[in-house]
Amino acid sequence: MGESLLRAGFSEEVPGPEESLSGILRIVEGRPENLIPLLQRVQRTLGYLPEWALLEVSDHLGLPSAKVFGVATFYSQFRLQPIGRHIIRVCRGTACHVRGSNRILKEIQNHLRVLPGETTEDRLFTLETVACFGSCALAPVMVVDDTVHGRMNPSKALAMLHSLGEEATESSVIETCDERRTSNVQLPFSNENHQPLNLEP
28 MGESLLRAGF
38 SEEVPGPEES
48 LSGILRIVEG
58 RPENLIPLLQ
68 RVQRTLGYLP
78 EWALLEVSDH
88 LGLPSAKVFG
98 VATFYSQFRL
108 QPIGRHIIRV
118 CRGTACHVRG
128 SNRILKEIQN
138 HLRVLPGETT
148 EDRLFTLETV
158 ACFGSCALAP
168 VMVVDDTVHG
178 RMNPSKALAM
188 LHSLGEEATE
198 SSVIETCDER
208 RTSNVQLPFS
218 NENHQPLNLE
228 P
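Using my numbering, the letters of the sequence shown correspond one by one to residues 28 to 228.
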């Protein structure tokens with residue numbers, strides 16, 4: 028069954044200590060009718076449903092792994108792969124479609140090089156589409172994480188992605204600089220007169 032799960036698109040991840048499901052399994056009674064609530068708890072904890080977690084759920088509830096696999100793949104609320112730091116959701120509702128959401132989606136796909144439901148290689152963005160956000164007056168709508176952005180267009184969407192990418196880069200640089208501050212920085216001196224060397228060509 029493990030091989031079939033991987034072929035279906037599950038990410039083969041080795042769980043770390045922090046990903047232990049023991050706490051969740053202790054508070055959720057091992058009854059078959061608890062399958063969906065348990066999967067929801069697991070996803071909230073791990074961010075997605077890796078194969079090893081599904082197998083643990085199967086054992087805990089006494090259900091065939093095929094049953095657990097079937098439920099996890101049937102409902103769109105469940106994720107089979109890790110998600111990015113930022114989740115980009117583009118509305119595909121009628122009002123948004125009429126006002127150009129399809130062009131926005133295509134621009135984002137081309138820029139990130141992913142399709143809806145996929146995550147960029149750097150784990151920075153996950154792209155999704157939604158049937159309707161219920162904000163038709165603001166069409167076309169795009170939601171970044173939990174923030175709704177209305178009256179979008181392709182250029183606005185790309186500018187937003189660039190901004191988020193720059194923030195991630197700056198955050199990485201700051202962390203690197205903080206690490207370097209822990210070491211002593213010395214100017215290069217010559218051996219003879221102990222004066223700073225001229226490093227210009």
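C-beta: ideal position from N, C-alpha, C; glycine also.
Problem set entry | Member of Val175, Val125, Glu134 and Gln104 whose CA lies at the smallest distance from the CA of His189 | Glu134
For this session: Report yes or no: do three or more beta-carbon pairs, one from the stretch 114-134 and one from the stretch 161-177, lie closer than 8 Å?
Result: yes
For this session: Report the residue from Val98, Ala195, Gly50 and Leu76 whose alpha carbon sits nearest the alpha carbon of Glu60.
Result: Val98
For this session: Excluding the 5 residues preceding and the 5 following Leu142 in the sequence, name in chain order all residues of the same chain whose CB lies nearer than 8 Å to its CB.
Result: Gln136 and Leu154
Exercise. I think Met22 touches Val171, with their Cβ atoms under 8 Å apart; what is that distance to the nearest whole Å?
Worked result: Nothing can be reported for residue 22: it is not among the residues displayed for the chain, which extend from 28 to 228.
Exercise. Just to confirm, are Leu82 and Arg106 a CB contact at a threshold of 8 Å?
Worked result: no
For this session: Could you tell me which residues DSSP puts in a beta bridge with His113?
Result: In the DSSP assignment, the residues bridged to His113 are Phe152.
For this session: In angstroms with no decimal places, state the Cα-to-Cα distance between Glu227 and Asp149.
Result: Note that Glu227 has pLDDT 47, beneath the 50 cutoff, so the model's placement of it is unreliable and the number below is only indicative. Their Cα atoms are separated by approximately 37 Å.
Exercise. Where DSSP assigns a beta bridge to Val170, which residues make up the other side?
Worked result: Arg116 and Val175
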